[in-house]
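First comes the structure, then the notes that go with it.
Numbering (my numbering), first residue to last: 129 to 297.
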């Protein structure tokens, strides 16, 4: 009978060993979670920094257009990960991207614009990726994207027609 009791109750050394193992696993779990939290914070900081660039930079200057083009590209790459889409949308990027669906006003009409249509097309592409969820689609529509998208399509078609006319005249 006494032998049976020994088998039913783990010895003190076994309990300590099990407790140490559980403590070690908990510590590892906590370390993983804290590194995940740090990664999430780094990602959130980067997203907010890129949003700030897009929001504050709206000019025809080549350096500004290049900076915005780069930020839009970063968002398009990040948005390909569905787990990050909510973070991007919650950062307030949608109205900024909608704003960049049109070229910034320029005083010089005849001068070609740096990165002509690239920022606008990149913004449209990124909005398309972000529109994976119906609530994001509605946010994009509410931000006024549709008229700008239609105008962008018309500008693209007109540019193609004018180029075709130049080659066939």
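Quick reminder that beta carbons are idealized off the backbone N, C-alpha and C, glycines included.
Quick check: residue 274 and residue 252, are their CB atoms within less than 8 angstroms of each other? No, Cβ-Cβ distance for residue 274 and residue 252 is not below 8 angstroms.
To which residues of the same chain is residue 203 closer than 7 angstroms at the C-beta, ignoring the five residues directly before and after it? Excluding sequence neighbours, residue 203 sits near 178, 216, 221, 254.
At the level of alpha carbons, what is the spacing between residue 244 and residue 184? Going from the Cα of residue 244 to the Cα of residue 184 covers about 19 angstroms.
So is residue 157 buried or exposed if we call it buried at 16+ other beta carbons inside 10 Å? In this prediction, residue 157 scores a pLDDT of 42, lower than 50, which makes its location untrustworthy; no coordinate-derived value is stated.
Using C-beta distances below 7 angstroms, list every residue in its chain close to residue 235, excluding the 5 sequence neighbours before and after it, in chain order. Here the set comprises nothing.
Note down, in chain order, each residue of its chain lying with its Cβ closer than 7 angstroms to the Cβ of residue 306, except the 5 sequence neighbours on either side. Because the chain is modelled from 129 through 297, residue 306 falls outside the range shown and cannot be assessed.
Exposed or buried, residue 260, counting other C-beta atoms within 10 Å across all chains shown (16 or more means buried)? By the C-beta density criterion, residue 260 is exposed, having fewer than 16 other C-beta atoms within 10 angstroms.
Quick one: does the C-beta of residue 173 sit closer than 7 angstroms to a heavy atom of the ligand ZN? Summarising the ligand content, the structure contains no ligands, and the ligand ZN is consequently not present.
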